[in-house]
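In the numbering used here, the protein residues as written are 8 to 219.
Even for Gly, the Cβ is constructed at its ideal location relative to N, Cα and C.
Take a look at the structure:
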């Protein structure tokens, strides 16, 4: 019989501890960017924007390579929606090359920057985000959960693997079906949602290394 999903969460917490997602650049107290046991972040609009940019950059990429692209944007003083909108797309593409699909993502970043400015500090709906070219369900839920602290469970490849491995599902399932299943099973506390996703990623990365 499968282990209940809430029990799996507690097992992961005990095994790996808090993860401190979403990592942010330039946190003096947290040089790595991971702010473990501190759920106050993001604390300002630029940090919210940075998480959105990071969520786009990490599409079909590793966080390590997405972070390099973020650092390049920050070091060139372009990690700001107004700056990105002023840059030519080829210039953005060069800056974010490490993240892969850089021509496509430079276009996505311009779309997101324009959208972000129209929000004027307000929280977008999931539908709002999904209407932005370059933002799909996983990216939208990542932005809502980590940038805006809204309880949306993220379903990614790691989540699918984790649920299959623990016999919760027999095989890969549609995104929205799994999202609903997880949200029905897990109490809608931001801390739990943020940690659970990060812990699943950590667990599956380690399992992958062992099996690889």
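The beta carbons of residue 207 and residue 158 sit about 16 Å from each other, so the pair does not count as a contact at 8 Å.
For residue 188, the enclosing alpha helix (DSSP H) has its first and last residue at 182 to 192.
Looking only at 162, 46, 57 and 30, the smallest Cα-Cα distance to residue 88 is reached by 57. Closest by C-alpha distance to residue 100, out of 73, 122, 161 and 178, is 73. Taken atom to atom, the span from the alpha-carbon of residue 111 to that of residue 18 is near 39 Å. DSSP, reduced to helix, strand and coil, places residue 162 outside both helices and strands of the structure shown, so it counts as coil.
DSSP, read as helix, strand or coil, puts residue 204 in helix.
For a cut-off of 8 Å, the C-beta gap from residue 98 to residue 119 is around 17 Å, too long to register as a contact. Burial check for residue 59: the Cβ neighbour count within 10 Å reaches 16 or more, so the residue is buried. Shown here for residue 153: same chain residues with a beta carbon closer than 7 Å to its own, the five before and five after excluded, namely 28, 29, 58 and 201 in chain order. Within the segment 24 to 96, the alpha helix (DSSP H) runs of at least 4 residues that lie entirely inside it are, in chain order, 52 to 64, 70 to 82 and 88 to 93. Taking all protein chains shown into account, residue 130 has fewer than 16 neighbouring C-beta atoms within 10 Å of its C-beta and is therefore exposed. Classified as buried, residue 149 has 16 or more neighbouring CB atoms from the shown chains inside 10 Å of its CB. If the five residues before and after residue 107 are omitted, its C-beta is found closer than 8 Å to the C-beta atoms of 67, 68 and 72, all from its own chain and listed in chain order. C-alpha of residue 86 to C-alpha of residue 31: approximately 12 Å in a straight line. With a 10 Å radius around the Cβ and a threshold of 16 neighbouring Cβ atoms, residue 117 comes out buried. Ranking 23, 47, 24 and 22 by CA distance to the CA of residue 34 puts 47 first. Apart from sequence neighbours up to five positions away, the residues of its chain that approach residue 166 with a beta-carbon distance below 6 Å are 207, ordered along the chain.
Excluding its 5 nearest sequence neighbours in each direction, residue 211 has C-beta neighbours in its own chain below 6 Å: 165, 168 and 169, listed in chain order. Non-local beta-carbon contacts of residue 83 in its own chain, meaning distances under 8 Å to residues more than five positions away in sequence, involve 102 in chain order.
For the pair residue 9 and residue 173, the CB atoms are nearer than the 8 Å cut-off. Here residue 9 carries a coil assignment [DSSP, helix/strand/coil].
In the three-state DSSP reduction, residue 14 falls in the helix class (H, G or I).
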